[in-house]
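**Student:** Sequential numbering of the sequence shown, starting at 1, is according to UniProt numbering.
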Amino acid sequence: MQHSDTDIELKMLMEAIYMKYSYDFRDYTGASQKRRVLHALREMECSSISALQARIIHEPAAFSQLLQYLTIPVTSMFRDPSYFAGLREHVMPVLRTYPSLKIWIAGCSTGEEVYSMAILLKEEGLLERSMIYATDINPQSLDKARKGVFPLDAMREYTENYQAAGGKRSFSEYYTAAYNAALFDKSLCENVTFADHSLATDAVFAETHLISCRNVMIYFKKKLQERAFGLFHESLCHRGFLGLGSKESIDFSAYAPCFEPVLKRERLFRKR
Numbered sequence: 001m002q003h004s005d006t007d008i009e010l011k012m013l014m015e016a017i018y019m020k021y022s023y024d025f026r027d028y029t030g031a032s033q034k035r036r037v038l039h040a041l042r043e044m045e046c047s048s049i050s051a052l053q054a055r056i057i058h059e060p061a062a063f064s065q066l067l068q069y070l071t072i073p074v075t076s077m078f079r080d081p082s083y084f085a086g087l088r089e090h091v092m093p094v095l096r097t098y099p100s101l102k103i104w105i106a107g108c109s110t111g112e113e114v115y116s117m118a119i120l121l122k123e124e125g126l127l128e129r130s131m132i133y134a135t136d137i138n139p140q141s142l143d144k145a146r147k148g149v150f151p152l153d154a155m156r157e158y159t160e161n162y163q164a165a166g167g168k169r170s171f172s173e174y175y176t177a178a179y180n181a182a183l184f185d186k187s188l189c190e191n192v193t194f195a196d197h198s199l200a201t202d203a204v205f206a207e208t209h210l211i212s213c214r215n216v217m218i219y220f221k222k223k224l225q226e227r228a229f230g231l232f233h234e235s236l237c238h239r240g241f242l243g244l245g246s247k248e249s250i251d252f253s254a255y256a257p258c259f260e261p262v263l264k265r266e267r268l269f270r271k272r
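(1) Quick one: any contact between the segment 142-151 and the segment 90-104, if contact means 3 or more CB pairs under 8 Å?
(2) Based on Cα-Cα distance, which residue from V91, R42, R35, M131 lies nearest to I72?
(3) If I measure Cβ to Cβ from P257 and keep anything under 8 Å in the same chain, skipping five residues before and after, which residues do I get?
(4) Check each candidate in Y28, M1, M12, E128 and name the one with the smallest Cα separation from Y219.
(5) Once DSSP output is grouped into helix, strand and coil, what is the label at M131?
(6) Should the segment 225-233 be called in touch with the segment 245-262, which here means at least 3 C-beta pairs below 8 Å?
(7) In three-state DSSP terms, what is E234?
(8) Please determine, among F241, A182, L38, the residue with the shortest C-alpha to C-alpha distance to V94.
(9) Would DSSP call K221 helix, strand or coil?
(10) Return the chain-ordered ranges of every beta strand (DSSP E) run that is complete within the segment 103-187 and spans a minimum of 3 residues.
(11) For R214 and E112, what's the separation of their Cα atoms in angstroms?
(12) Quick check: the Cα distance between K186 and S109, rounded to an integer number of angstroms?
(13) I need the boundaries of the beta strand (DSSP E) containing E260, first residue and last residue.
(14) What's the call for P60, buried or exposed, on a 16-neighbour Cβ count within 10 Å?
(15) Just to confirm before moving on: does the CB-CB distance between P81 and A165 stay below 8 Å?
(16) Measuring alpha carbon to alpha carbon, tell me which residue in C237, I250, E207 is nearest R227.
(17) A195 bridges to which residues according to DSSP?
(18) Quick check: the segment 50-57 against the segment 10-29, are at least 3 beta-carbon pairs closer than 8 Å?
(19) Cutting at 6 Å between CB atoms, please list the residues of its own chain near P261, excluding the five before and the five after it.
(20) Can you tell me whether I8 is buried or exposed, with buried defined as 16 or more other CB within 10 angstroms of its CB?
(21) At a threshold of 7 Å, does E190 count as lining the ligand SAH (C-beta to nearest heavy atom)?
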């Protein structure tokens, strides 16, 4: 099978990133990765992928810049409201039976999902006894998530999502608006630990009752998907819950027999 020069360069770039920075993008799907790298080339004014590779090897700052393209956050609060409605209706009543809870949001990006989860837990009376681990491989995204500041013009969409997810209050009670930004209530994140964690290279770090990893796996090749499902299976307590993104499925994984659907359409599963 002939590989194009671009594909060869792309493969070498991912090897170089792994060898130099220990970030493993080698099992991410080719098409979206290629699109992102070619976009970075234009923005970073490099003539070729090889030129970009030379830059990131010698300039850590250039790698930080490239990382923003490789991990483009596409997210919103209460995204896919039926998922959060499903959590509220089918998962929260079970979680209520535990004296304390550990929840892992894997690939939390800039934090929209973290705040959505915290609001849901608060309304269900569970936030005080929950520990949320919010992890991502992008330090800049984690930094943004910690701050809890989101664009004010996104609030209309987020409010609609929140209401569709069965929100019990007025969404604006959770943030303060100033300077075209919405600052979310700090108390929502008192029990949140933001941490750098890679599903490609890192191990399990806690026993959890619920894992929400949405719209991350779509960028993984089969091998990396299997690794991630293995981590989730290992991390979840007996009968713990797993939530995936709307275009993701565990059906064709070796771990499929280890989970049963709670709500198939909403991609909510429970460890057998």
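A virtual CB, placed ideally from N, CA and C, is assigned to each residue, including glycine.
**Tutor:** If we stick to the structure as given:
(1) No, because fewer than three Cβ pairs between the segment 142-151 and the segment 90-104 fall closer than 8 Å, the two stretches do not touch.
(2) Closest option to I72, Cα to Cα, is R35.
(3) R272, listed in sequence order.
(4) When each option's Cα is compared against that of Y219, the closest is Y28.
(5) Assigned with DSSP and collapsed to three states, M131 falls in strand.
(6) These segments touch.
(7) Three-state result, E234: helix.
(8) Checking every option, the nearest Cα to that of V94 belongs to F241.
(9) K221 sits in coil when the DSSP states are folded into three classes, being neither helix nor strand.
(10) Runs of the beta strand (DSSP E) spanning 3 or more residues and lying entirely within the segment 103-187 occur at 130-136, 149-151, 175-178, 181-184, in chain order.
(11) Cα-Cα distance, rounded: 12 Å.
(12) So the two alpha carbons sit approximately 18 Å from each other.
(13) Residues 259-263.
(14) Sixteen is the threshold: since fewer than 16 other Cβ atoms of the shown chains lie within 10 Å of the Cβ of P60, the residue is exposed.
(15) P81 places its beta carbon less than 8 Å from that of A165.
(16) Measuring from the Cα of R227, the nearest candidate turns out to be I250.
(17) Among the bridge pairs identified by DSSP, A195 is matched with T135.
(18) Short answer: they touch.
(19) Excluding residues up to 5 positions away in sequence, F269 lie with their Cβ nearer than 6 Å to the Cβ of P261 in the same chain.
(20) Classification for I8: exposed.
(21) This structure lacks the ligand SAH; in fact it carries no ligand of any kind.
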